[in-house]
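Participant:
Residue numbers (the numbering used here): 134 to 358.
#1: For residue 338, which of 189, 179, 195 and 181 has the nearest alpha-carbon?
#2: From 342, 310 and 301, pick the residue whose C-alpha is nearest to that of residue 320; which is it?
#3: Pick from 328, 270 and 179: whose alpha carbon is nearest that of residue 350?
#4: With residue 188 as the anchor, note down where its beta strand (DSSP E) starts and where it stops.
#5: Using the C-alpha atoms, what's the distance from residue 178 back to residue 275?
#6: Looking only at its chain, what residues have a beta carbon closer than 6 Å to the beta carbon of residue 140, apart from the 5 residues adjacent to it on each side?
#7: Is residue 310 close to the ligand ZN? I mean its beta-carbon at under 7 Å from any heavy atom of the ligand.
#8: Within its chain, find whatever has a CB closer than 6 Å to the CB of residue 199; leave out the 5 residues flanking it on each side and keep chain order.
#9: Would DSSP call residue 253 helix, strand or coil?
#10: Name the DSSP bridge partner or partners of residue 328?
#11: Which runs of the alpha helix (DSSP H), 4 residues or longer, sit entirely within the segment 169-235?
#12: Specify, as a first and last residue, the run of the beta strand (DSSP E) that residue 348 falls within.
#13: Expressed to the nearest angstrom, what Euclidean distance is found between the alpha-carbon atoms of residue 262 and residue 229?
#14: Out of 211, 316, 232 and 307, which one is the CA nearest neighbour of residue 295?
#15: Can you name the residues that DSSP bridges to residue 142?
#16: Taking all protein chains shown into account, decide if residue 305 is buried (16 or more other Cβ within 10 angstroms of its Cβ) or exposed.
#17: DSSP state of residue 314, grouped into three classes?
#18: Expressed to the nearest angstrom, what Euclidean distance is found between the alpha-carbon atoms of residue 281 and residue 309?
#19: I need the straight-line Cα distance from residue 242 to residue 272, nearest angstrom please.
#20: Just tell me which of 289, 326, 153 and 322 has its CA closest to the CA of residue 218.
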């Protein structure tokens with residue numbers, strides 16, 4: 134079957150392109166997903182849209198909102214954000230100061246014991262779900278440290294050339310980006326809709342892929358089988 138919809142997917146900090154496998158396996162035949170890779174645990178990869186694709190879509194998970202190229206956002210029709218954020222730190226104290234202290238401690242510990250920090254991070258991402266983390270046999274600690282530090286100053290830059298509709302999907306049990314951070318992100322975005330997956334964790338849509346597919350098909354018929 135001809136691939137009428139093409140999705141490019143950008144994972145969050147500490148993951149790789151395999152993060153998208155569970156939802157990739159549930160997409161209908163007319164949808165093609167090409168995952169990008171930041172290069173934390175192997176080679177980096179930046180996909181390109183095929184010629185003749187009718188609908189161009191982005192899937193952005195967490196920090197993937199910020200390392201996805203602005204030029205890519207300018208050419209797509211739809212952007213789906215999973216547990217994303219504008220500012221990583223909450224906007225108000227005491228939550229803001231607590232978040233900064235926690236991240237600074239994580240940076241310090243990562244310099245000393247990176248594998249232990251990642252293992253604890255995955256545990257908090259998946260909670261009671263089966264943990265599906267990348268192989269830690271090799272890692273690019275330089276990029277991991279750089280992006281971890283960048284979380285202190287994240288701010289989504291919008292372009293007047295962007296024409297995409299946005300759908301923001303949060304998890305009710307996100308221990309990494311707590312609160313309605315996706316709802317904050319949706320303010321000011323073009324035609325943004327906001328959904329919450331109950332019992333979902335930060336690992337969405339690696340976990341709860343069926344719930345995510347249902348939201349997509351209910352909101353945008355282009356994903357329907």
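Glycine included, each C-beta is placed from N, C-alpha and C at the ideal position. Bear in mind the structure is a predicted one, so any value in this text is a computation, not a measurement.
Facilitator: The structure says:
#1: Of the candidates 189, 179, 195 and 181, the one whose C-alpha sits nearest the C-alpha of residue 338 is 195.
#2: It is 301 whose Cα lies nearest to the Cα of residue 320.
#3: Ranking 328, 270 and 179 by Cα distance to residue 350 puts 328 first.
#4: Residues 188-194.
#5: Rounded to the nearest angstrom, the two C-alpha atoms are 17 Å apart.
#6: So the qualifying residues of the chain are 166, 190 and 192.
#7: What this structure holds is no ligand at all, so the ligand ZN is not there to describe.
#8: Same-chain partners within the cutoff: 287.
#9: Here DSSP, grouped into helix, strand and coil, assigns residue 253 to helix.
#10: Under DSSP, the beta-bridge partners assigned to residue 328 are 302.
#11: Listed in chain order, they are 197-200 and 203-208.
#12: Premise fails: residue 348 lies in the alpha helix (DSSP H), 342-352, not in any beta strand (DSSP E).
#13: Using only the alpha carbons, I get a separation of about 28 Å.
#14: Nearest option by C-alpha distance: 211.
#15: Paired residues: 168 and 192.
#16: Around the Cβ of residue 305, a 10 Å sphere holds fewer than 16 other Cβ atoms; the residue is exposed.
#17: Residue 314 falls in the helix class under three-state DSSP.
#18: Straight-line measurement puts the Cα of residue 309 at about 13 Å from the Cα of residue 281.
#19: Residue 242 and residue 272: Cα-Cα distance of roughly 16 Å.
#20: That would be 289, whose Cα lies nearest to the Cα of residue 218.
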